[in-house]
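First the structure, in the form of structure tokens, and then the observations on it.
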Amino acid sequence: MDIPSSAPPRPPGAARSLTTEAVHAGREDLTALGLHAPPLDLSTTYPSPDSRGEAARLDAFAATGEQLAGPPVYARLDNPTTARFERALARLEGTESAVAFASGMAALTAVLLARGAAGLRHVVAVRPLYGCSDHLLESGLLGTEVTWAAPEEVPAALRPDTGLVLAETPANPTLAETDLDALAERCGDVPLLVDNTFATPVLQRPREHGAAMVLHSATKYLGGHGDVLGGVVACGEEQARALRQIRFATGGVLHPLAGYLLLRGLATLPVRMRAQSSTAAEIARRLAADPRVSRVHYPRLGGAMVAFEVEGDPHAVIGAVRLITPAVSLGSVDTLIQHPGSISHRIVAAEDRRAGGISDRLLRMSVGLEDVEDLWRDLDGALAASATAVSGPAAASAPPAGALVP
Ligand SMILES: *Cc1c(COP(=O)(O)O)cnc(C)c1O
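Just so we're aligned, residue 1 is where the sequence shown starts under full-length UniProt numbering, counting upward by one.
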């Protein structure tokens, strides 16, 4: 069964389960090709013996942004391995299409450029967002102008040149949740982009709640093993065409090996999410009952991320973990912990962090596939270290002007 990337989403009720789709989507043609594993195509260029014909195909792409029919031409235009990942992700998110990029930030950049190219440079965004997304908007680096708004303030913030409303739920790093149905309604005709990196389509499909576009840092749960950087936007075919044109012009393409690894990652995504979420929920319960912890953030939706504020020194927790890796990023099979005020959200001004509810005592943990008792033993020891540490200021001093910390 060959499913083109522009196939409409399956009608509700007719779909196979997401767990089944995760294993099979993007691989529909393999049996006919006599293959089991998807082929990895590393070509940068392809033979084009009919240059008149190629001219017509390239004209069509320039005019429409429609995925090239027939053989590929050049790897910045399209790649068959990456296209498999795009088809699979679109199926999981229930969108017509998906367009993959070199990273989550390259994906967000393409969305902002596409809206800007349509003359719609104003963005309304709900805080908190991932630190670099916040920075990209706040800095105006791409010529966009941002109005920060709480979800209920969105209608008042919309202008005739508003091209996008942007929200994350659960949000990085506080795991704050936004009611997507209500937010989508408040956006009116303006497309809502939801960063679904934390929930993944296993827990939440924003398209079903009125979002026009769904963004992932595929680096996180979609890849799932901490060894591939990527980003993707799942959306309608019309928006996908604009994004493909931007991708071709600006070059933020996903490497085919990354496309291969991301397709492989999708196959285990539902199993990983369920296992990691159940461990995270148990850890959140234990943290909530622990006197060394002042506050626990765990989404009602569930998920494998836990954030918590400690009574003692958060830096001592980071320094004392032995099994858990003290590192930024998330979504891997191993557990990671980091201090958003120092690392993931360092690029956000201190007062904006506070306004977004990001306390200097907040720690963000991405729970992996380890045994819950082993994880708890490590965390328990680290919390003991934080309680006895001579507590200095919770956050390091201000960074030098212009410092960029991912
Ligand atoms: C990591 C992250 C991003 C950025 O993705 P990269 O792949 O690192 O460019 C965007 N949004 C969220 C929620 C993230 O966690």
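From the three backbone atoms N, C-alpha and C, an ideal C-beta is built for every residue, glycine too. Model, not experiment: these values are computed from the prediction.
Asked                                                                                                                   : Found
Assigned exposure category for ILE249 - 16 Cβ within 10 Å defines buried                                                : Note that residue 249 is Ala in the sequence shown, not Ile. The residue in question, ALA249, is exposed, as its Cβ has fewer than 16 Cβ neighbours within 10 Å.
Residues of its chain near PRO201, where Cβ-Cβ distance is below 6 Å and the 5 sequence neighbours each way are ignored : LEU92, GLU93
Any non-hydrogen atom of ligand 1 within 7 Å of GLY265 CB                                                               : no
C-alpha distance - GLU177 paired with ALA199, whole-angstrom precision                                                  : 10 Å
Identity of the residue in LEU175, GLY381, ALA304, LEU137 nearest LEU166 by Cα                                          : LEU137
Distance between beta carbons of LEU243 and ALA110, contact taken as under 8 Å                                          : 5 Å
Alpha carbon of LEU108 to alpha carbon of ALA320, nearest angstrom                                                      : 35 Å
Cβ-heavy atom distance, PHE198 to ligand 1, below 7 Å                                                                   : yes
Any non-hydrogen atom of ligand 1 closer than 7 Å to TYR221 Cβ                                                          : no
HIS276 - containing alpha helix (DSSP H), residue span                                                                  : The amino acid occupying residue 276 in the given sequence is Gln; His does not appear at that position. Per DSSP, GLN276 belongs to the alpha helix (DSSP H) from 256 to 288.
CB contact flag (ALA234, ALA98, <8 Å)                                                                                   : yes
Straight-line Cα distance separating ARG286 from LEU89                                                                  : 34 Å
Spatial distance of THR197 from LEU215 (CA atoms)                                                                       : 7 Å
Three-state secondary structure assigned by DSSP to ASP334                                                              : coil
Beta-carbon proximity list for VAL356, same chain, < 6 Å, skipping 5 on both sides                                      : According to the sequence displayed, residue 356 carries Gly and not Val. For GLY356, where only same-chain residues beyond five positions count, the Cβ hits under 6 Å are ARG127, PRO128.
ASP195 and GLU238 closer than 8 Å at C-beta                                                                             : no
Helix, strand or coil at ALA25 according to DSSP, with G and I counted as helix                                         : coil
Near ligand 1: GLU168 beta-carbon under 7 Å from a heavy atom                                                           : yes
For GLY104, the nearest candidate out of ASP378, ASP352, ASP134, PRO151 (CA to CA)                                      : ASP134
Heavy atom of ligand 1 within 7 Å of GLY231 beta-carbon                                                                 : yes
Cβ pair count under 8 Å reaching 3, the region 221 to 234 against the region 260 to 276                                 : yes
Supposed contact pair PHE61 and LEU77 - C-beta distance, whole angstroms, cut 8 Å                                       : 7 Å
Beta-carbon gap between LEU375 and PRO340 smaller than 8 Å                                                              : no
Own chain, CB closer than 6 Å to ILE3, minus 5 neighbours either side, in chain order                                   : Per-residue confidence for ILE3 stands at a pLDDT of 36, beneath the threshold of 50, marking its modelled position as unreliable; no derived number is given.
DSSP state of LEU323 mapped onto helix, strand, coil                                                                    : coil
GLU188 classed as buried or exposed, judged by whether at least 16 other C-beta atoms fall within 10 angstroms          : What sits at residue 188 in the sequence shown is Gly, not Glu. Exposed is the call here.
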